[in-house]
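Taken in sequence, the protein lines are chains A and B.
Going by numbering that gives the first Met the number 0, the first residue of the first sequence is number 0, and it counts up by one from there.
Going by numbering that gives the first Met the number 0, the first residue of the second sequence is number 0, and it counts up by one from there.
Number of protein chains: 2
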Amino acid sequence: MPAHLTHQHCWSSLPSPSVREAASMYSTAVAIFLVILVAALQSSEPPESSFPYHIPLDPEGILELSWNISYVQDIIHFQLQVQGPRAGVLFGMSDRGEMENADLIVLWTDGNRSYFADAWSDQKGQIHLDAQQDYQLLQVQRTSDGLSLLFKRPFVTCDPKDYLIEDDTVHLVYGILEKPFQSLEAINTSSLNTGLQRVQLLKSEVPTPAMPADVQTIEIQAPDILIPDNETTYWCYVFVLPPDFSEHRRHIIKYEAIVTEGNEALVHHMEVFQCSAEFESIPQYDGFCGSKMEPDRLNYCRHVLAAWALGAKAFYYPEEAGVAFGGVGSSRYLRLEVHYHNPWNIRGRHDSSGIRLYYTDSLRKFNAGIMELGLVYTPVMAIPPQETAFVLTGYCTDKCTMMALPPSGIHIFASQLHTHLTGRKVVTVLARNGQEMKVVNRDNHYSPYFQDIRMLKKIVSVFPGDVLITSCTYNTEDRKLATVGGFGILEEMCVNYVHYYPQTELELCKSAVNDGYLQKYFRQVNSFNNEEVCTCPQASVPEQFTSVPWNSYNRDMLKALYRFAPISMHCNKTSGVSFQGEWNPQPLPEITSTLKEPGPNCPAQQAPSHTNPTVVSAAGAEAES
Amino acid sequence: MPAHLTHQHCWSSLPSPSVREAASMYSTAVAIFLVILVAALQSSEPPESSFPYHIPLDPEGILELSWNISYVQDIIHFQLQVQGPRAGVLFGMSDRGEMENADLIVLWTDGNRSYFADAWSDQKGQIHLDAQQDYQLLQVQRTSDGLSLLFKRPFVTCDPKDYLIEDDTVHLVYGILEKPFQSLEAINTSSLNTGLQRVQLLKSEVPTPAMPADVQTIEIQAPDILIPDNETTYWCYVFVLPPDFSEHRRHIIKYEAIVTEGNEALVHHMEVFQCSAEFESIPQYDGFCGSKMEPDRLNYCRHVLAAWALGAKAFYYPEEAGVAFGGVGSSRYLRLEVHYHNPWNIRGRHDSSGIRLYYTDSLRKFNAGIMELGLVYTPVMAIPPQETAFVLTGYCTDKCTMMALPPSGIHIFASQLHTHLTGRKVVTVLARNGQEMKVVNRDNHYSPYFQDIRMLKKIVSVFPGDVLITSCTYNTEDRKLATVGGFGILEEMCVNYVHYYPQTELELCKSAVNDGYLQKYFRQVNSFNNEEVCTCPQASVPEQFTSVPWNSYNRDMLKALYRFAPISMHCNKTSGVSFQGEWNPQPLPEITSTLKEPGPNCPAQQAPSHTNPTVVSAAGAEAES
């Protein structure tokens, strides 16, 4: 949908203020702002016509964002389309989607003129002009049914008020202005209709491998579901592959989402899981996930075949690898899980969204595999309540990679990070000879509500003897009791599902603290607090954690324990059996040099940029005279 | 000693290289550097003729630094004088006086031309040109016996390679170039004669109070000492005030150092202590401090009357306060302590340095007092070995200030920080209602070898109910056993002697961890490490600390203990008796909001400055043609 520059209208439909008011506002505007008629002046810059990425910002699809990325210039071009007559719009990014302390662009009108500015909101939500104007407006276009903005911004601006755009999750925020404001400072986000949308802006743009001539597709779609009018619905549907899929093995080489038209803003994410081959059959099911009606056997449909989240495009496997699919020992039963996000409780929408798998009979050189890194699902790894940034770390040790990986190594090309509700950051680092070498995947703005499979920008090769360290940061400010590790949604996980080739027997390379050392910790808690409480060993670990009085000493001691105590390793084959050897206790890997988290490279000297809003229409001013 | 711009000589006395070499060097110089004949061009800037501060940099006084401070422009002007013919000189600042990672100016010659540059040394000591040239050369002068440089630099340059000049201790470094270097990059500090000198560059410049007409002086000087040819000598001398000093009270209102001419580079610091009045007399002594010959009673001469360190000027008391001196109940015995620093083992120097006290019979409105903040001298506060930055904190609690301070508060005008050998940073912060309000005194480059009394730039008033928190950071990398608190030089202290008025009964407001909680810690260490070791309670605390196996868990637990455990308060009167009330255990003060350590305010936008060395003499170039 190419956007062409049209004649500039005064796009505000609100009545003009009196001439006197307008004159006063005008002189204020001139005094404060250097008037630049950018839309006219900059029309020589050709509009960006190619936006490979699209995402609706609000649940009704009133705002739609499209963007493209230039990795040569480190710049993003954004196209923001707003439906219907609006006084203005506000769009930007913030740490975790809050409207306070956000990096924003604002298009507003004083009822007379319209302005565009790079702005920021303070901790009370009040908007201020940025000292440095880094969002550059390229075009404002008024169409019959709304408004379209074209603007660009570098990934890194070196303005402390700006969001640093990195590879990880970005929390986009938006607000709709329904009336004029005398000035930018008069706007407070708390008085607006606002919302957030999570997306990975800086997607990996590895070249798309060519599809073979014999490529075939199969669509795993839910059958005409009436989307419930609840904010959150996880819908589960069992899909059975045709019998001939058991005949021979194929390779899945690509998949993509099929989203029912009109529901783009409601379908939040989808995953296809393959069921365990140990069951001859899996009962049919088409209903809420986790409902009492759901057959228990669906718990054995956990092997991820495909995962898609809002804003993601088609997922291509590297040209030398594909996911083994079909044939002997491969279940024909798949579970499709669709997450509907319907915060405005829209009713009556029917949906048949799903995922299209592309597969081929011409097997590629390597099978692709998925390996689980991080923490074992066990309550011994726990987070005290009221923590803002508690870190748990799981290891894949040199001993395990030495035993399980081929001498030529494995090549990780994609990664899906996973925690439950309190996860805020996840990172996996590769270490060799005690030194951290590189980041496999890092998300400093991780959200459990946005778990997509991400292609890595560069393939990471892991060799025997390497160590993979996965750390998750949790926020338990709203919890009253300790949060222990486990499968439950109120328990926690710390996992990185890495997609790699060639497939090995190693399916799970995770750790947890050695239980004996945890029991020493509980004895220390008892002895230090000469107890009313009892974290007695006959109790279960979750009960023991529940009885810890969480003063600063017991918190610090738990951190110290996790930093010090030997671990129990799970170095397991696909069959669930561990590789041969002693795995508990194992020494904690020793890391002598750590990677610095790279900050933006901001030189002290920088070319000054203009620090004034842009007047986007002179029509109002003309009306004055 | 005003420096006048004279005709520019080629100040290098070394032979010129061949014309061909010179031509090659010349073209290199032109290619790399923009040639600016600064000394000639900038002669219009008047030389700074007033340098209130002077310090010899090396023990022979070959290099002498003078400087002045402009708190309006936040700029220091430096005058560096170098005696004798030298190929060049290097001067600058680094974190703790090391020649690596230093911020430097370099004046060097390639045998032909001479250059001046703002530079930095890397972690191997190699010199590089700074991308941003912040030291500005104003004048180079060749006199009959050496060289004189005049240059200036802002306190804050926002160049990451530059030292941030703050109020605290600055480690100046210098090096002498004895031969030409083809380029700046050819210089490595490890091949030079180098050294360091500690100084407070940014001294407080509060206006000097007028002296009353009846001001009198008394000189406390050592009698003609032959300075020993050891690197470090602490000389102790007992001085007896004339009998009439017992007759009535005076006020000391000023003091200053008297340094024997020629020994300016050897006399490192001096202190005058008053002895306890409980002894009728103190034996005469004139010898090494701490020697076996020293009478034990000198241990009772610990009340600081005056302290001076290299680079410090006269110390003036605020005009409304003076130190009570003489009269009934005041000892006539003083101990003068002189620290000679003679690293080059110079022999045969005689010295009669000392301190001149200015006093008056016209008593001022208030007596000034000294209060000790920080940690009690007790082994319960200990630092594990091999720590690079272990922090111990002492408190002066609200309960104690509530009991001891007048409703109108006290006013701190000066501060002397004190630790033993492993101290690296000291800070005292004032907190009110659980919130840190302001820094009383902070030294992030503290050195136990440089303990002067510093005037505060702003008087800090402390009211009943306020809390004073003193934290010291220690480096025990070179220790094999724990370092416990105590009086010994290998034990540690954490003290801030604050000078204030009006004098109160409160002499000591310090804390230590409650011993019962420390014993719980030792029990935990035992239980966790199911012991070969025994940190048994029948052992002394230093013995218990000695037997702790210092793994990361026991280190972290000790930190956690000090952050959590109740304290034992010493809220003591001058008599050594504590104020009435329960002082052990006391709750640790709760601090809900802490002060951010203010970084330099470096805007993202900055005017670019030239990034080339300055050619300081054209004489060599003329020789080529």
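Ideal placement from N, C-alpha and C gives every residue a C-beta, glycine not left out.
Taking a beta-carbon distance threshold of 9 Å, Leu171 of chain A does not count as an interface residue toward chain B. Under the three-state reduction of DSSP output, Glu476 of chain B falls in the coil class, being neither helix nor strand.
Counting only the Cα atoms, Ala511 of chain A lies some 18 Å from Leu429 of chain A. Chain-ordered listing is empty here: chain A has no CB closer than 7 Å to the CB of Asn443 of chain B, the nearest sitting near 21 Å. Against chain B, the CB of Asp121 of chain A has no partner CB under 9 Å away; the residue lies outside that interface. Within the region 538 to 560 of chain B, those residues whose Cβ lies closer than 9 Å to any Cβ of chain A are, in chain order, Asn550, Ser551, Tyr552, Asn553, Arg554, Asp555, Met556, Lys558, Ala559 and Leu560.
In the three-state scheme derived from DSSP, where H, G and I count as helix and E and B as strand, Ser577 of chain B is classed as strand. Distance from the CA atom of Leu356 of chain B to the CA atom of Val497 of chain B, rounded to whole angstroms, is 19 Å. Cβ-Cβ separation between Gly310 of chain B and Ile54 of chain B: approximately 4 Å, consistent with a contact (criterion under 8 Å).
Residue nearest to Asn513 of chain B within the set B:Arg441, B:Asn344 and B:Glu581 is B:Glu581 (criterion: CA-CA distance). The beta carbons of Thr472 of chain B and Val390 of chain B sit about 5 Å from each other, so the pair counts as a contact at 8 Å. Using a CB distance below 8 Å, the part of the region 515 to 530 of chain A facing chain B consists of Lys519, Arg522, Gln523, Ser526 and Phe527, ordered along the chain. When 8 Å is used as the limit between beta carbons, Phe563 of chain B is near these residues of chain A: Asn550, Ser551, Tyr552 and Asp555, in chain order. The beta carbon of Pro282 of chain B lies closer than 6 Å to those of Pro294 in the same chain, with the five residues before and after it left out. In this structure, the alpha-carbon of Lys572 of chain A lies about 20 Å from that of Gly325 of chain A. Classified as exposed, Glu59 of chain A has fewer than 16 neighbouring CB atoms from the shown chains inside 10 Å of its CB.
In the DSSP assignment, Ala403 of chain B is bridged to no other residue. When beta bridges are read from the DSSP output, Glu218 of chain A appears opposite A:Arg355. Contact annotation: the region 108 to 127 of chain B does not touch the region 73 to 82 of chain B, with fewer than three C-beta pairs closer than 8 Å. In this structure, Asn474 of chain B and Thr387 of chain B form a Cβ contact; the two beta carbons are roughly 6 Å apart against a cut-off of 8 Å. Residue B:Val214 holds the alpha-carbon nearest to the alpha-carbon of Ser361 of chain B among B:Val214, B:Gln585 and B:Leu507. In the three-state DSSP reduction, Ser460 of chain A falls in the strand class (E or B).
In the DSSP annotation of this structure, the continuous segment of the alpha helix (DSSP H) that includes Ala559 of chain B starts and ends at Ser551 to Phe563. Ranked by how close their Cα comes to the Cα of Met210 of chain A, the residues A:Phe314, A:Arg554 and A:Val547 have A:Phe314 in first place. If you ignore the 5 residues before and after Glu589 of chain A, its C-beta comes within less than 7 Å of the C-beta of Gly433, all in its own chain and listed in chain order. Met454 of chain A places its beta carbon less than 9 Å from that of Ala413 of chain A.
A direct Cα-Cα distance of roughly 5 Å separates Gln135 of chain B from Phe150 of chain B. C-alpha of Glu336 of chain A to C-alpha of Leu225 of chain A: approximately 15 Å in a straight line. Following the DSSP letters along the chain, one finds Lys519 of chain B inside the alpha helix (DSSP H) bounded by residues Asp514 to Phe527. Burial state of Thr156 of chain A is buried, judged by a 10 Å Cβ sphere holding 16 or more other Cβ atoms. With respect to the C-alpha of Ile175 of chain A, the residue from A:Val239, A:Phe90, A:Leu137 and A:Pro153 having the closest C-alpha is A:Phe90. Apart from the 5 residues on each side of it in sequence, Ile409 of chain A sits with its Cβ closer than 6 Å to the Cβ of Val461 and Tyr499 in its chain, given in chain order. Our two residues, Glu371 of chain B and Cys570 of chain B, have alpha carbons roughly 10 Å apart in a direct line. Segment contact: the region 338 to 355 of chain A against the region 217 to 234 of chain A, three or more CB-CB distances shorter than 8 Å; contact assigned.
Within the DSSP bridge table, the entry for Asp144 of chain B names no partner. Nearest to Arg423 of chain A by alpha-carbon distance, out of A:Cys493, A:Ser275, A:Thr396 and A:His268, is A:Cys493.
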